[in-house]
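Residue numbers (our numbering), protein chains in the order written: chain A, 1 to 301; chain B, 1001 to 1297; chain C, 2001 to 2359.
We put the beta carbon where it would ideally sit given N, CA and C, even for glycine.
Bear in mind the structure is a predicted one, so any value in this text is a computation, not a measurement.
Report on one structure; see the data block that follows.
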Amino acid sequence: MVETSSVPLTGPQGPKPRKALSRRNVFLYGTLLLITLYYALPLYVMIVTSLKGMPEIRLGNVFSPPVEITFQPWAKAWSEACTGLTCNGLSTGFWNSVRITIPSVILSIIIASVNGYALANWKFKGADAFFTILIFGAFIPYQILLYPMVIMLREMGLYGSLGGLVLVHTIFGMPILTLLFRNYFTSLPEELFKAARVDGAGFWGIYFRIMVPMSLPIFTVAMILQVTGIWNDFLFGVVYTGPDTYPMTVSLNNIVNSTQGVKEYNVNMAATILTGLVPLTIYFVSGRLFVRGIAAGAVKG
Amino acid sequence: MASGRPNQLFRNKSAKIAAIPMIVTALFVFVGGTIWTVVYSFTKSGLLPRLNWVGLDQYERLWATRKWLVAIENLAIYGVCMLVLVFVIGFILAALIDQKIRFENTIRTIILYPYALSFVVTGLVWQWMLNPEFGVQSIVRDLGWESFSFDPLYNADIAIYGVLIAGLWQGSGLVMVLMLAGLRGIDQEVWKAARVDGIPAWKTYIFIVIPMMRPVFITTLVLVVTGIVKLYDLIVAQTGGGPGISTEVPAKYVYDMMFSANNLGQGFAASTMMLVTVALIVIPWAVLEFGGKKHHG
Amino acid sequence: MNNSVEIKNLDLHFGAVKVLQNLNLEIGKGEFLVLLGSSGCGKSTLLNCIAGLLDVTAGQIHINDTNVTWSEPSERGIGMVFQSYALYPQMTVEGNLSFGLKNAKLPKAEIAKRVKRASEILQIEPLLKRKPAALSGGQRQRVAIGRALVRDVDVFLFDEPLSNLDAKLRAELRVEIKRLHQKLENTMIYVTHDQIEAMTLADRIAIMRGGQIMQLGSPDDIYGRPLNRYVADFIGSPSMNFFDGAITNGAFTVGDLTIPLTGYDFVSGGPVDGAATLGIRPEHVVTGELVENEPIRIDVDVELIEPTGSDKLIDCEVAGHPFRVRMDGQAQVSVGEKLRIGIDPARASLFDAATEVRL
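This is the structure we're talking about:
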């Protein structure tokens, strides 16, 4: 052992003193608090408005908390509010959206994951060319493809039906999802794929036995991306479906914007929350995966 | 035995079969659909698409229509403001959150949640927030500033800025997340080096960190711009294009022409103009991003 | 029927890049062949071609006298071990070992028998129910070898199997692979960039560069009689000292130094005048009392000393060329001192200056 001895110290020693309430911290957390409040405010306004009665709304402002809480606007928004001519509330739209979203999500993920797998591991001649076209497809303004798709769906007898909209979502979801899956499968070690080939597994064998079990996170990310994207869609809904098959976003817009006479703001806000509830729930539950979905779909593009 | 290769067409057969949906979508929908619309933009199609050529007539009429000119002007105002503000706000938010703060997750979650909402929801909430009778204007007046006036959705001159507020509220979280990912992706030793060299934080951001984040900036730029061009749902929900035609945008013009005004030719011409706009932005980006790279190292 | 693997006129191009060029190689039954080279030399590519994981551009590959050029990897009678282990993460060790056999639709009893035998040989029986994530690096690589073992094939392919392990473990598994080869007596083709691994394991080494084989021979041959300057430089650490000079009248001259070539075993039979390169390994330079026994003796100035514990490496200058000498670790020497060194041309290597081929 090397001998050591204590020497009396003078001047600064030990940890540098820090104030919890430094000017920097006050500024930083103050700013963040204001920003957070700003972003949270509309959600708060939606909720308080939906819980007030109309007389109370007319007296106060959008921020005042409800004096007498009522759930009547929610009930009305769900089952009675009028969308143009019919007065069935949002429930029809909700169930339409469910029936559109579930098959679209499943179908688009199956197709895109197999595509991405083929592109990542089984490159064939011309594969890159098709993929490039597909990626450019992600940037084409949808407006330019609206009418050709109308013709296509009409020829297939799917125009105005839920099935048609499912097909549309599957097609337009393909570029970003294929990219997502291709990038993910490419990032898996190539030697694993080689080992499976030496072990005699074929295209589908490797996909189901090796790739899919290893890729649950990316399937979850794709699901989050698709559920929120398809649920929130308005344009395709309004173009490719009819009044009976309108998804929830279209019903919502009709309830709020085509009301004749007195506007029932509380019902409108209740309807708005109801429509936002599905993606919001997914967002708050999935947290990090949602962020990863955006980053994966966007940054790697 | 002579050496050679097995028949090209049947190699990787399963992979080719699996790629059929992609090939069909790429060729038939994306390429085919685009060409179809561009071709029919040179026709006099009305209620139904018809191949009666009129040359550039549709385009001449388009650029002579006031509603289209207003739409383009709105898109330009919205686009420039959105682009500048969303980047400034997004980056500042990301930089603030990157200060090793407490409650990072909570703050990030709150800033990003609007992005999970439908544009229709966003539009309706802000329609209500900006309602002059009950919303922001009335609150400020109740506080004692009687002459305060802020009613963008009822004032044709500033209506588009009302839409901008909603658009920023929804979109800035996305930019923040992307910027934060970019900031976190930067080698932390750069910060250490800057600290040893005594460079102030703001200078480090502007002269060192931001240039290093170029790829993230470019990707975000492309995303934001294509999003701006597609602007439609928000307008329909928040203002319906009004008051008057003061918040019309190209995407809405296309929809109205195609599905309400039975003037398909105009719709096709307008959507072709949208495609040209996007192509002018995306193609240079694609060349920059992917053109220089070589395959197989 | 003596060769296990034969490679005939093999070419592989990626677009315009020629990764393998007109390669010919015959590997005998039960031989341990190491493909050695720096990264990008085509050694792994060649192994992947043999495995059938890459399509060749031209040429043939025969395994056990069958042309397998177009066969699927699983039909070639090979087992392969990868650098990253490539274990299927969601399957247990047992699942990993039996996956290939299940794909080949072998009866259950046979699968169980083979898994048992392989796990006994590799001593991984206690790990059979675990997932790869719960294994250490060495255990993982053992399972990866086991996956090749259960296939009951004649040819094993190793693609840098030890590169991901730390130095100590690498040395242990190296010995184990050698034992395995002695026991199983099947053909092994082993790719590595580590020359110690190559030297210790190989029956023959093929040194590759730019998609071609620079030399194929026993470890002794490769070390003692490198066929060209590249091999001479590549093999040996610290690397060989080279002098660019000329042969005149049966002696090598560089600057003011003349080295008579008596005792040098010329490939062509005798010395021919012309520009040449002389190579001397640092460990073949004699110092101390034995110097006087050597045919050539030179005095040098010690410029730099690098002690490595067991040895001391001395940097000096001979005839205007930088020169390294290896001395015993205990040797007393200091910078600035004069040192007397001795060289024996019989142990040196001579190369033609233009073609870089051994003379």
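Take Glu2337(C), set aside five residues on each side of it, and the residues of its chain with a beta-carbon closer than 8 angstroms to its own are Asp2301, Val2302, in chain order. Counting only runs that start and end inside the segment 2291-2348 of chain C, the beta strand (DSSP E) elements of at least 3 residues fall at 2296-2301, 2304-2307, 2311-2318, 2321-2328, 2338-2343. Nearest Cα to Asn2228(C) within the set Lys2168(C), Thr2277(C), Ser2334(C), Leu2046(C): Thr2277(C).
Taking each of Arg1102(B), Ile1072(B), Leu1047(B) in turn and checking the Cα distance to Asn25(A), the smallest one comes out for Arg1102(B). The Cβ of Ala1194(B) sits no closer than 7 angstroms to any Cβ of chain A. Just so you know, the alpha carbons of Ser2044(C) and Ile2061(C) end up roughly 15 angstroms apart. Distance from Val256(A) to Leu1124(B) at the Cβ level is roughly 5 angstroms; contact confirmed, criterion being Cβ atoms closer than 8 angstroms. DSSP places Ile2007(C) in the uninterrupted beta strand (DSSP E) bounded by 2003-2014. Inter-residue distance for Trp1053(B) and Phe1217(B) is about 43 angstroms (C-alpha atoms, whole angstroms). Distances from the alpha-carbon of Gly2270(C) to those of Ile2007(C), Arg2358(C), Ser2119(C), His2013(C) put Arg2358(C) closest. Here DSSP, grouped into helix, strand and coil, assigns Ala2275(C) to strand.
By the C-beta density criterion, Glu1146(B) is exposed, having fewer than 16 other C-beta atoms within 10 angstroms. Think of a sphere of 8 angstroms around the beta carbon of Asn268(A): the chain B residues whose beta carbon falls inside it are Leu1124, Trp1128, in chain order. Excluding residues up to 5 positions away in sequence, Gly2138 lie with their Cβ nearer than 8 angstroms to the Cβ of Glu2172(C) in the same chain. By the criterion of a C-beta distance shorter than 6 angstroms, Val1254(B) is surrounded in its chain by Gly1267, Ala1270, Ser1271, once the five residues flanking it on both sides are discounted. Scanning its chain for C-beta atoms nearer than 8 angstroms, with the 5 sequence neighbours on each side dropped, one finds around Asp1098(B) the residues Leu1180, Leu1183, Arg1184, in chain order.
Within the segment 134-149 of chain A, the residues whose Cβ lies closer than 9 angstroms to any Cβ of chain B are, in chain order, Leu134, Ile135, Phe136, Gly137, Ala138, Phe139, Ile140, Pro141, Tyr142, Gln143, Ile144, Leu145, Leu146, Tyr147, Pro148, Met149. Pro175(A) and Gly137(A) have their C-alpha atoms some 7 angstroms from each other.
Ile111(A) has a beta carbon lying within less than 7 angstroms of a beta carbon in chain B. Collapsing the DSSP output to three states places Lys19(A) in coil.
Taking Asp2273(C) as the centre and dropping the five residues before and after it, the same chain places the C-beta of Ile2247, Thr2248 closer than 6 angstroms to its C-beta, in chain order.
A residue is called buried once 16 or more other Cβ atoms fall within 10 Å of its Cβ, and Met156(A), having fewer, is exposed.
Ser2074(C) is the residue among Ser2074(C), Leu2106(C), Asp2352(C) whose C-alpha sits nearest the C-alpha of Gly202(A). Taken residue by residue, none of the segment 1195-1210 of chain B has a beta-carbon sitting less than 8 angstroms from a beta-carbon on chain A.
Taking a Cβ-Cβ threshold of 7 angstroms, none of the residues of chain A is close to Gln1058(B); the smallest such distance is about 14 angstroms.
Counting only residues of its own chain and dropping the five nearest sequence neighbours on each side, Arg2130(C) has a CB closer than 7 angstroms to the CB of Thr2092, Val2093. Chain C places no beta carbon closer than 7 angstroms to that of Val227(A), leaving this residue out of the contacts. Gly205(A) is bridged by DSSP to nothing; it lacks a bridge partner. Under DSSP, the beta-bridge partners assigned to Thr2192(C) are Leu2036(C). Going by C-alpha positions, Ile2296(C) is about 27 angstroms away from Thr2355(C). Only those residues of the segment 1219-1237 of chain B whose C-beta falls short of 7 angstroms from the nearest C-beta of chain A are listed: Thr1219, Leu1223, Thr1226, Val1229, Lys1230, Tyr1232, Asp1233, Val1236, Ala1237.
Considering only Thr241(A), Thr228(A), Val250(A), the residue with the shortest C-alpha distance to Tyr1113(B) is Thr228(A).
Taking a contact to require three or more Cβ pairs closer than 8 angstroms, the segment 1206-1217 of chain B and the segment 1237-1256 of chain B do not qualify as touching.
The beta carbon of Met174(A) sits closer than 7 angstroms to some beta carbon of chain B.
Taking 7 angstroms as the cut-off, the beta carbon of Leu177(A) is found no closer than this to the beta carbon of Val221(A). Exposed is the label assigned to Thr281(A), since fewer than 16 other Cβ atoms lie within 10 Å of its Cβ.
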